[in-house]
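A.B. asks:
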Amino acid sequence: MLDFYSTNSLSWDQLDYNSDELLNLHYGLIHVGLPTVVNLDENVLPNIKKEFLPKNYELCREGDVAFADASEDTNEVAKAIEFVNLSDKNVVCGLHTIHGRDNHNLTSIGFKGYSFASESFHNQIRRIAQGTKIFSISSKNFNECYMGIPSKDEQTKIAKLLALIDERISTQSRIIEDLKSERKYLLEQLFCLPNERVPKLRLKGMTGEWQKVKLCYIANRVTEKNKANTCNRVLTIAAQYGLIDQQEFFNKQIASSDLTTYYLLHKGDFAYNKSYSGDYSWGAVKRLDKYDKGVLSSLYICFRPNENVDSDFLCHYFESTKWYRGISEISGEGARNHGLLNMSVDDYFNTLHRIPTLREQKAVANALNVLVDKIDIETEILNDLQKQKSYLLKEMFI
Numbered sequence: 006m007l008d009f010y011s012t013n014s015l016s017w018d019q020l021d022y023n024s025d026e027l028l029n030l031h032y033g034l035i036h037v038g039l040p041t042v043v044n045l046d047e048n049v050l051p052n053i054k055k056e057f058l059p060k061n062y063e064l065c066r067e068g069d070v071a072f073a074d075a076s077e078d079t080n081e082v083a084k085a086i087e088f089v090n091l092s093d094k095n096v097v098c099g100l101h102t103i104h105g106r107d108n109h110n111l112t113s114i115g116f117k118g119y120s121f122a123s124e125s126f127h128n129q130i131r132r133i134a135q136g137t138k139i140f141s142i143s144s145k146n147f148n149e150c151y152m153g154i155p156s157k158d159e160q161t162k163i164a165k166l167l168a169l170i171d172e173r174i175s176t177q178s179r180i181i182e183d184l185k186s187e188r189k190y191l192l193e194q195l196f197c198l199p200n201e202r203v204p205k206l207r208l209k210g211m212t213g214e215w216q217k218v219k220l221c222y223i224a225n226r227v228t229e230k231n232k233a234n235t236c237n238r239v240l241t242i243a244a245q246y247g248l249i250d251q252q253e254f255f256n257k258q259i260a261s262s263d264l265t266t267y268y269l270l271h272k273g274d275f276a277y278n279k280s281y282s283g284d285y286s287w288g289a290v291k292r293l294d295k296y297d298k299g300v301l302s303s304l305y306i307c308f309r310p311n312e313n314v315d316s317d318f319l320c321h322y323f324e325s326t327k328w329y330r331g332i333s334e335i336s337g338e339g340a341r342n343h344g345l346l347n348m349s350v351d352d353y354f355n356t357l358h359r360i361p362t363l364r365e366q367k368a369v370a371n372a373l374n375v376l377v378d379k380i381d382i383e384t385e386i387l388n389d390l391q392k393q394k395s396y397l398l399k400e401m402f403i
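Per the working numbering, the very first residue in the sequence shown carries number 6; after that it's consecutive.
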């Protein structure tokens, strides 16, 4: 079906986004960033810096495909894109790509991209990909791959159907991102820093200063241990999922079989992970929502909200950045040790926070709960669309 052409080996350092003189497809964009069918009226490629322009190259044509020739994941080896609209731009294929063209006019525009995304194609690739930690293929490997090709009319209909689903998936993803951005904005407007008396945004009918309190005023430390080893669900904190079963998240249990020194948490309890990262520069606080109980390493600080605070309010508050100030005051830049913020439990429970009346707490929590529920519903719709696409990629190609 395809004839293959040479590609360049330019790295990201030799590319930028300052012109359209000669655009370059880097394999990283095939893995993350580009859709299956590429339309340069909508999608963006980097250009080659002038000092690195190659002397000889093959320009891509509409209908050409490019494969990523290497990946740590066998499901990602030979991941492909097809150029369906070059928008009169000059494009070449770059590092770790395989550039293919249907010179025999056997296929319709758009069909190849989806055909090479099908399960039947990738089942063949998984059998022939070479390597241990990094899996790779070459254009010669494609001699061992076979694909069914229907009439061009059917190809066009298949490509249009899958392109419509892709468009709907893209729209749904934007809906979710917009809702998440709205939530992120509201989290920073509806809560207070310790030195602020009222939030920047107030719900209708709410007045009065917010009370400055120590964490120990609104939460009690959880120190109950899993003494009899009665619970074997080891928890970990994940940014996207909160407190989640270690086995479920890592697909293996990292903790030892003796869990008697672990804290025993019940549904509704909170845990503070002192590990910091780019997204969580002062650690992360999450609530146990998914299970009735679980156990957690003693490296975490665990607590249970009391009658002075609404649990949902507290959960949303710890998704904001307003509590960072209190942590920064007891754990400066010099107090970081092996990826952990260095602080005592007493210092942590003496951090300062602002809370309103219980009535306002519940109102804020309810408003944010509605938004979270909306995000969850839209995410379910996205998951259903992605399942639909996967099903069609499995059943419509041979």
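Heads up, the beta-carbon is just placed ideally off N, CA and C, and yes, glycines get one too.
Since the structure is predicted, the reported quantities are computational estimates derived from the model, not experimental observations.
Just to confirm my understanding: we take Glu303, look at its own chain, exclude 5 residues before and 5 after, and list those with CB closer than 8 Å. What are they?
C.D. replies: The identity of residue 303 in the sequence shown is Ser, whereas the question assumes Glu. Counting only Cβ-Cβ distances below 8 Å, and skipping sequence neighbours, we find Thr266, Tyr267, Tyr268.
A.B. asks: Report the three-state DSSP secondary structure of Lys84 (helix, strand or coil).
C.D. replies: Three-state DSSP puts Lys84 in coil, outside helix and strand.
A.B. asks: Give me the residue from Ser336, Phe402, Leu240 with the minimum Cα distance to Val350.
C.D. replies: The shortest C-alpha separation from Val350 is found at Ser336.
A.B. asks: Is Glu182 buried or exposed, if buried means 16 or more other CB atoms sit within 10 Å of its CB?
C.D. replies: Per the 10 Å Cβ criterion, exposed.
A.B. asks: With 8 Å as the threshold, decide whether the Cβ of Ile380 is near any Cβ in chain D.
C.D. replies: Structure shown: chain D not included; a single protein chain is present.
A.B. asks: Can you give me the start and stop residues for the beta strand (DSSP E) that Arg179 sits inside?
C.D. replies: Note, Arg179: premise wrong, no beta strand (DSSP E); alpha helix (DSSP H) at 157–194.
A.B. asks: Starting from Arg238, trace the alpha helix (DSSP H) both ways and give me its first and last residue.
C.D. replies: Run containing Arg238: none; DSSP gives neither H nor E here.
A.B. asks: Taking the beta carbon of Ile403 as the centre, do at least 16 other beta carbons fall within 10 Å, making it buried, or is it exposed?
C.D. replies: Looking at its Cβ environment, which holds fewer than 16 other Cβ atoms inside 10 Å, Ile403 is exposed.
A.B. asks: Verify whether the separation of the beta carbon atoms of Pro310 and Ala224 is less than 8 Å.
C.D. replies: Yes, they are a contact pair.
A.B. asks: Throw me the rounded Cβ distance for the Lys272 and Lys298 pair, which I believe falls under 8 Å.
C.D. replies: Right, their Cβ atoms sit about 7 Å apart.
A.B. asks: Measure the C-alpha to C-alpha separation of Ile306 and Leu206 and round it to an integer number of angstroms.
C.D. replies: Looking at the two C-alpha atoms, the distance is approximately 31 Å.
A.B. asks: Buried or exposed, going by whether 16 or more other CB atoms sit within 10 Å of the CB of Val49?
C.D. replies: Exposed, since its Cβ has fewer than 16 Cβ neighbours within 10 Å.
A.B. asks: Within the continuous alpha helix (DSSP H) that includes Gln19, where are the two ends?
C.D. replies: Note, Gln19: premise wrong, no alpha helix (DSSP H); not H, not E.
A.B. asks: State the Cα-Cα distance for the pair Lys217 and Asp315, rounded to the nearest angstrom.
C.D. replies: The alpha-carbon atoms of Lys217 and Asp315 are separated by roughly 16 Å.
A.B. asks: With distances taken from CA atoms, which of Lys394, Lys60, Ser395, Asn388 is nearest Ser178?
C.D. replies: Of the listed residues, the one whose Cα sits closest to Ser178 is Asn388.
A.B. asks: Is it true that the region 101–112 meets the region 10–17, where meeting means three or more beta-carbon pairs spaced less than 8 Å apart?
C.D. replies: Contact between the region 101–112 and the region 10–17 is present, because at least three Cβ pairs lie under 8 Å.
A.B. asks: Quick check: the Cα distance between Glu172 and Cys320, rounded to an integer number of angstroms?
C.D. replies: Roughly 35 Å between the two C-alpha positions.
A.B. asks: Could you tell me the boundaries of the alpha helix (DSSP H) in which Ile332 lies?
C.D. replies: Unbroken alpha helix (DSSP H) run through Ile332: 329–335.
A.B. asks: According to the neighbour-count rule (16 or more other Cβ atoms, all chains shown, within 10 Å of its Cβ), is Ser156 buried or exposed?
C.D. replies: Exposed: under 16 other Cβ atoms inside 10 Å.
A.B. asks: Which runs of the beta strand (DSSP E) spanning at least 3 residues fall entirely within the region 253–293, listed in chain order?
C.D. replies: As far as the region 253–293 is concerned, its whole beta strand (DSSP E) runs of at least 3 residues are 268–271, 275–278, 289–292.
A.B. asks: Ser14: beta carbon under 7 Å from a heavy atom of the ligand MN?
C.D. replies: Within the structure as shown, the ligand MN is missing, as the structure has no ligands at all.
A.B. asks: Out of Gly213, Val290, Ile35, Asp317, point me to the one whose CA is closest to Phe121's CA.
C.D. replies: Taking only the C-alpha atoms, the option nearest Phe121 is Ile35.
A.B. asks: When burial is assigned at 16 or more other CB atoms within 10 Å of the CB, is Phe72 buried or exposed?
C.D. replies: Buried, because 16 or more other Cβ atoms sit within 10 Å of the Cβ of Phe72.
A.B. asks: Under a Cβ-count criterion, where at least 16 other Cβ atoms within 10 Å of its own Cβ denotes burial, should Gln366 be classed as buried or exposed?
C.D. replies: Buried is the call here.
A.B. asks: Rounded to a whole number of angstroms, what is the C-alpha to C-alpha distance between Gly339 and Tyr329?
C.D. replies: Interpretation of Gly339 is limited by its pLDDT of 48, a score under 50 that renders its predicted location unreliable; no figure is taken from the coordinates.
A.B. asks: Name the two residues that bound the continuous beta strand (DSSP E) containing Arg106.
C.D. replies: Run containing Arg106: 102–106, per the beta strand (DSSP E) assignment.
A.B. asks: Measuring straight from C-alpha to C-alpha, what distance separates Asp78 and Leu39?
C.D. replies: Roughly 18 Å between the two C-alpha positions.
A.B. asks: From Gln252 to Ser262, what distance separates their C-alpha atoms?
C.D. replies: Approximately 13 Å, taken between the alpha carbons.
A.B. asks: Excluding five sequence neighbours on each side, which residues of the same chain lie with their C-beta closer than 7 Å to the C-beta of Tyr222?
C.D. replies: Once the five neighbours on either side are set aside, the close Cβ partners of Tyr222 are Asn313.
A.B. asks: Can the beta-carbon of Val70 be found closer than 8 Å to that of Ile142?
C.D. replies: Going by C-beta atoms, Val70 is not nearer than 8 Å to Ile142.
A.B. asks: So, under 8 Å CB-CB, Leu264 and Leu293 are touching, yes? Tell me the CB distance rounded to an integer number of Å.
C.D. replies: Wrong, their Cβ atoms sit about 16 Å apart, outside the cutoff.
A.B. asks: Based on Cα-Cα distance, which residue from Tyr32, Gly288, Ser24, Asp274 lies nearest to Ile86?
C.D. replies: Looking at the Cα atoms, Tyr32 is the closest of the given residues.
A.B. asks: For Phe121, does the three-state DSSP call read helix, strand or coil?
C.D. replies: Of the three classes helix, strand and coil, the one that applies to Phe121 here is coil, per DSSP.
A.B. asks: Just the Cα atoms here: how many angstroms apart are Tyr285 and Arg66?
C.D. replies: When rounded, the distance between both Cα atoms is 44 Å.
A.B. asks: Which whole-angstrom value is the C-beta distance of Leu30 and Cys98, which I expect to be below 8 Å?
C.D. replies: About 5 Å; that satisfies the 8 Å criterion.
A.B. asks: Out of Phe147, Glu63, Val96, which one is the CA nearest neighbour of Leu20?
C.D. replies: Leu20 has its Cα closest to that of Val96, out of Phe147, Glu63, Val96.
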